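Note that this note's numbering has the sequence shown beginning at 445, numbered continuously upward.
Note that beta-carbon positions come from the ideal geometry of N, C-alpha and C, so glycine has one too.
Keep in mind that this is a model prediction, so the values were computed, not measured.
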Amino acid sequence: MADYSPHAAVNIDGTDLNDDQQAELERVTVDLHLHLPGMFALTFDDTDEDNPILDDIGVAIGSTVEVSAVPSDGGAPEKLISGEVTALEGDYGHWGRRVIVRGYDMTHRLHRGRVTETYQNVTTSDVVQQVVNRAGLQIGQIDSTSVTHDQVSQPNLSDWDFLKALSRETGYEMVVDEDGKFYFRQPVDASTGPTPGTYQSQ
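If you want it as structure tokens, here you go:
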């Protein structure tokens, strides 16, 4: 029977899993959310005691992981998420040994604790740039804002909540793409969206 379902391609620190490592990959989970960091979880069989899977694939806390969906018809892969490993879990029992590699896209760094900070003589885009640089995120685009503020306060807020508040105030959108790049920009028109009134219009 033909298999029309896509399969997952995994890249760790710039290296694709080889065929043997791919064969040990039992499950791939990717959970993307508009208002929370995207999550990935890779479940590997780890029954070969002479060749532990974590050593074999060379993964560690902080490793960069990319997960793509590869169409069964041989089409181009579509990247789903790029992030970093935040946890390594063991699942051992009578059913065998498994290892779960779990992580999030880079915006999870914006959720680490609360920050109290004051920014003086800055535009909103200046503040966004400082916060994103402090978190170590790769910047895709930050559109400039024109008004210079005497002071902008971050009153015991996570960087994520603070940036979301700034985006609401300016009317800009805050997104992270599948490559993990951060964008703070004017809203993008949905040029490929459906024509108004066409859905079930009859």
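Quiz item: When the Cα atoms are used, what is the spatial distance from Leu-607 to Thr-567?
Solution: The C-alpha of Leu-607 lies about 13 Å from the C-alpha of Thr-567.
Exercise. Rank Gln-582, Ala-452 and Asp-623 by C-alpha distance to the C-alpha of Ser-516 and give the top, closest one.
Key: Closest by alpha carbon: Ala-452.
Quiz item: Glu-613: which of Val-632, Val-576 and Val-572 sits nearest, CA to CA?
Solution: Residue Val-572 is the option with its Cα nearest to Glu-613.
Practice problem: Consider the Cβ of Thr-487: report whether some Cβ of chain C lies at a distance smaller than 7 Å. | Solution: Looking for chain C here will not work: only one protein chain is present.
Quiz item: What is the residue span of the beta strand (DSSP E) that Leu-498 lies within?
Solution: Leu-498: not part of any beta strand (DSSP E); member of the alpha helix (DSSP H) spanning 497-501, first to last residue.
Quiz prompt | Inter-stretch contact at 8 Å, needing at least 3 Cβ pairs: the region 544-563 / the region 489-496 | solution = No, because fewer than three Cβ pairs between the region 544-563 and the region 489-496 fall closer than 8 Å, the two stretches do not touch.
Self-check item: For Val-572, the first and last residue of its enclosing alpha helix (DSSP H)
Solution: Per DSSP, the continuous alpha helix (DSSP H) segment holding Val-572 begins and ends at 568-579.
Quiz item: Under the rule that 16 or more other beta-carbon atoms within 10 Å means buried, what is Ile-583, buried or exposed?
Solution: Flag for Ile-583 reads exposed.
Practice problem: Could you please give me the residues that DSSP links to Met-483 through a beta bridge? | Solution: Answer is Asp-475 and Tyr-548.
Practice problem: Please report how far the alpha carbon of Phe-526 lies from the alpha carbon of Pro-481, in whole angstroms. | Solution: Going by the sequence as given, residue 526 is Ser instead of Phe. Spanning the alpha carbons of Ser-526 and Pro-481 requires a straight line of approximately 11 Å.
Quiz prompt | Every unbroken alpha helix (DSSP H) inside the region 585-626 [4 residues or more] | solution = Whole alpha helix (DSSP H) segments, 4+ residues: 603-614.
Exercise. Compute the beta-carbon to beta-carbon distance between Phe-628 and Leu-581, rounded to the nearest angstrom, for a pair I have assumed lies under 8 Å.
Key: The Cβ separation is near 11 Å, so there is no contact.
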